[in-house]
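Just so you know, we're using the numbering used here here: the sequence shown kicks off at 24 and counts up by one.
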Amino acid sequence: MEKDIERILIEESQIQKKVKELADRISKDYRNGNILLIGILKGSVIFMSDLSRNLDLNAEFEFMDVSSYGNNTYSSGNIRINYDVKYDVGNKDILIVEDIIDTGRTLNKIIEVLNSKNPNSLRIATLLDKPDRRKVNIDISYKGFEIPNEFVVGYGLDYAGKYRNLPYIAVLKEKIYQN
Ligand code: IMP
Ligand code: MG
């Protein structure tokens, strides 16, 4: 994998430090001691597992799987729910855990679906934010890093299904994206 990397954007140690900071803030904010983490598959899995292990809260786990059809380096806005939460979230304090917010279309749809289930509260945590590309306004409570408009991989994020298990965030060599 390493040979496909152009450069590292965020080092492993920076990510781990940031994840702990976010977890501390979240632990302080959820004073009743309970939280329902809803991870958006598959990109959020690594962030959610590190974040949750740093929370001083009773955390329950749920997942949603959504896909947007179209090109694989941007989302089209046509979002399909492949796997929804099975659980009654009516009296839960939900924290959506996302890897990256780009146009905001994916999350906008997820928020709409979850709000229709009348949770007690609903907030967003994202590791990465690409604000330049936003098409739909999203209120982000917990944000790791803002990044420029570049396609990144690692720490859960993939290109064509690969590179998710890199411990840092990186940009791939141009020729990989052209294949
Ligand atoms: P949005 O609907 O445009 O906000 O797209 C968000 C989704 O697109 C994320 O959950 C990712 O799955 C994917 N995505 C957006 N930018 C990147 C990137 O730079 N690398 C990997 N996946 C990305
Ligand atoms: Mg995603």
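We put the beta carbon where it would ideally sit given N, CA and C, even for glycine.
In terms of alpha-carbon separation, which member of Asn77, Asn160, Lys65 and Ser72 lies closest to aspartate 47?
Asn77
Just checking, does the region 25 to 38 make contact with the region 50 to 67 on the three C-beta pairs under 8 Å criterion?
no
Along the chain, where does the beta strand (DSSP E) that runs through lysine 166 open and close?
165 to 169
Looking at the structure shown, is methionine 87 part of a helix, part of a strand, or coil, going by DSSP?
strand
Would you call lysine 153 buried or exposed, if buried means 16 or more other Cβ atoms sit within 10 Å of its Cβ?
buried
Does DSSP put asparagine 54 in a helix, a strand or coil?
It should be noted that the sequence gives arginine, not asparagine, for residue 54. Coil, per DSSP.
Taking only three categories from DSSP, how would you classify leucine 80?
coil
Short of 6 Å in beta carbon distance, which residues of its chain neighbour alanine 82, apart from the five on each side in sequence? Order them along the chain.
Ile58, Leu60 and Ser75
Would you check whether ligand 1 has a heavy atom nearer than 6 Å to the C-beta of arginine 128?
yes
According to DSSP, is threonine 126 part of a helix, a strand, or is it coil?
coil
Enumerate in chain order the residues of its own chain whose CB-to-CB distance from valine 68 is below 7 Å, with the five nearest sequence positions on each side excluded.
Gly62 and Gly179
Assuming leucine 151 and isoleucine 170 are in contact, meaning their beta carbons sit under 8 Å apart, how far apart are those beta carbons, in whole angstroms?
6 Å
Any contact of the region 32 to 49 with the region 184 to 195, i.e. 3+ C-beta pairs under 8 Å?
yes
By Cβ distance, which residues of its chain are closer than 6 Å to serine 144, with the 5 residues on each side in sequence left out?
Asp116
Does aspartate 88 pass the burial test, meaning 16 or more other C-beta atoms within 10 Å, or should it be called exposed?
exposed
Specify, as a first and last residue, the run of the beta strand (DSSP E) that tyrosine 106 falls within.
102 to 106
On the criterion of 16 or more Cβ atoms from any shown chain inside 10 Å, does glycine 177 qualify as buried, or is it exposed?
buried
Between valine 42 and aspartate 73, how many whole angstroms is the CB-CB distance? I'm expecting something under 8 Å.
5 Å
For tyrosine 186, the nearest candidate out of Glu44, Ser50 and Gly66 (CA to CA):
Gly66
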